[in-house]
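Going by my numbering, 206 is the number at position 213 of the sequence shown; the sequence numbering is gapless. Take a look at the structure set out below.
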Amino acid sequence: MKLFSSVNDVTDVQALVKEALHLKQNPYAHQHLGKNKTLALIFLNPSLRTRMSTQKAGLNLGMNVMVLNMDKEGWALELRDGAVMNGGTVEHIREATAVLGQYADIVGVRSFPGLKDRDADYSEDIFNKFVKYCGIPVVSLESATRHPLQSLADLVTIEELKTRPRPKVVLTWAPHVKALPQAVPNSFAEWMCKADVDFTIAHPQGYELCSDFTQGAKITHNQQEALADADFIYVKNWSAYEPYGKVFGGYDGWMLTNDSLKNTNNAKVMHCLPVRRNLELSDEILDGQSSVVIHEAGNRVWAAQAVLKQMLESL
Ligand code: SN0
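Right, here's the structure in full:
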């Protein structure tokens, strides 16, 4: 694998999930693969799980790992082609990424959307420039429209914890105070549509995701109806796709409580984290028996390790 930016870069999704679960049992079995290989992890936005789990995955494979918080510690990056750089930006993304390609064998990059210009965000402008100019394999650590390492870890978690062959999985919108990207729900939907699950998306009117990511999903505005008989409930806030990046008030009732779980099939509650307690998810859910959010975050290591292993094998 030379590029991991979406589920479409994976030839066999089920095999990748199996690989992750196998690595969970044998974390250090492939240390020879990463010997004298360098992984550079570049963050243009904050991170806890993605940074630590991908770093750990690289170390488990015997790699050297370097992390750069480019937004805080690097030069101010110019992203526009043809810009006259007589303002605040110091270094163009063309040089910055090409230089990284000289130091590393694999590079991971995180770049959130601006949520202002939909065409720029959905063309994956920044991520694609990294791919174009660095000249080495690239793994997405969450781009403007997708978070594939998260979605792979989510599918691994579902595979591990399911109690029937084809579980019912519900992605539900949750309230928030900020406008958040659509990357996590887009990506989760895209992966679920390729997995052997019964998949439903529930959100208030106005929060329709881009239909490119939801082909094959059932979509409803009725959360309670969607939750009936659910095995897994994936909770996430996102801002509107149309009008782009907007948020509409009045949907505080969409926060899950124990009461919301009554008609489910003993559902397990998932969230990519970070989570705003008592806004997106109640304390009673997060501290109760149904939450699997910590287990899910733990699986981030095995998802990243499975992807890095396949990349190392194709170097
Ligand atoms: C990010 C998102 O894409 O929704 C990262 C999730 C892995 N989440 C946030 O930016 C949360 C910010 C906040 O203020 O709660």
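Backbone N, C-alpha and C define an ideal beta-carbon position, used for all residues, glycine too. All values reported here derive from a predicted model rather than from experimental measurement.
Beta-carbon spacing of residue i, residue j below 7 Å
i: residue 35; j: residue -6; result: no
i: residue 3; j: residue 184; result: no
i: residue 57; j: residue 149; result: no
i: residue 299; j: residue -4; result: no
i: residue 173; j: residue 104; result: no
i: residue 296; j: residue 134; result: no
i: residue 28; j: residue 55; result: yes
i: residue 141; j: residue 304; result: no
i: residue 106; j: residue 114; result: yes
Residue from the options with nearest C-alpha to residue i
i: residue 270; options: 303, 250, 302; result: 250
i: residue 49; options: 21, 75, 68; result: 21
i: residue 92; options: 181, 69, 289, 127; result: 127
i: residue 223; options: 164, 248, 230; result: 164
i: residue 203; options: 217, 234, 10; result: 234
i: residue 132; options: 14, 247, 32; result: 32
i: residue 151; options: 191, 256, 240, 66; result: 191
i: residue 101; options: 114, 181, 46; result: 46
i: residue 210; options: 217, 198, 189; result: 189
i: residue 214; options: 147, 139, 194, 240; result: 194
i: residue 168; options: 87, 107, 19, 246; result: 246
i: residue 147; options: 158, 162, 94; result: 162
i: residue 86; options: 37, 108, 281; result: 37
i: residue 309; options: 19, 125, -2; result: A query on residue 309 cannot be resolved here, the shown segment of the chain reaching from -6 to 308 and no further.
i: residue 287; options: 307, 306, 265; result: 265
i: residue 30; options: 182, 94, 65; result: 94
DSSP beta-bridge partners of residue i
i: residue 213; result: 195
i: residue 225; result: 162, 261
i: residue 154; result: Looking at the DSSP assignment, residue 154 forms no beta bridge with any residue, so it has no partner.
i: residue 59; result: 33
i: residue 100; result: 33, 131
i: residue 249; result: 274
i: residue 84; result: 70
i: residue 284; result: 262
i: residue -3; result: 132
8 Å CB neighbourhood of residue i in its chain, flanking five on each side removed
i: residue 254; result: 220, 226, 260, 262, 278, 283
i: residue 170; result: 269, 272
i: residue 285; result: 150, 154, 261, 262, 263
i: residue 108; result: 114, 172, 174, 232, 237, 238
i: residue 84; result: 67, 68, 69, 70, 71
Neighbourhood of residue i by C-beta distance below 7 Å, restricted to the same chain and skipping five residues each side
i: residue 187; result: 0, 6
i: residue 178; result: 164, 202, 229, 231
i: residue 17; result: 295
i: residue 159; result: 189, 190, 191
i: residue 281; result: 251
i: residue 198; result: 214
i: residue 216; result: 165, 195, 247
i: residue 290; result: 42, 266
i: residue 19; result: none
CA-to-CA distance, residue j to residue i, given in whole angstroms
i: residue 258; j: residue 123; result: 43 Å
i: residue 301; j: residue 51; result: 7 Å
i: residue 212; j: residue 200; result: 11 Å
i: residue 42; j: residue 111; result: 27 Å
i: residue 176; j: residue 137; result: 6 Å
i: residue 14; j: residue 276; result: 30 Å
i: residue 25; j: residue 274; result: 42 Å
i: residue 96; j: residue 40; result: 22 Å
i: residue 77; j: residue 53; result: 44 Å
i: residue 243; j: residue 180; result: 26 Å
i: residue 69; j: residue 82; result: 5 Å
i: residue 218; j: residue 99; result: 45 Å
i: residue 73; j: residue 11; result: 41 Å
i: residue 351; j: residue 139; result: As displayed, the chain neither begins before -6 nor continues past 308, which places residue 351 out of reach and without an answer.
i: residue 267; j: residue 44; result: 13 Å
i: residue 205; j: residue 23; result: 36 Å
i: residue 241; j: residue 88; result: 40 Å
i: residue 208; j: residue 79; result: 45 Å
i: residue 59; j: residue 182; result: 31 Å
i: residue 143; j: residue 75; result: 34 Å
i: residue 120; j: residue 307; result: 21 Å
i: residue 156; j: residue 61; result: 41 Å
Cβ shell of residue i (< 6 Å), same chain only, five flanking positions each side left out
i: residue 196; result: 166
i: residue -2; result: 133
i: residue 256; result: 221
beta-carbon residue i near ligand 2 non-hydrogen atom, thresh 6 Å
i: residue 224; result: What this structure holds is ligand 1, not ligand 2.
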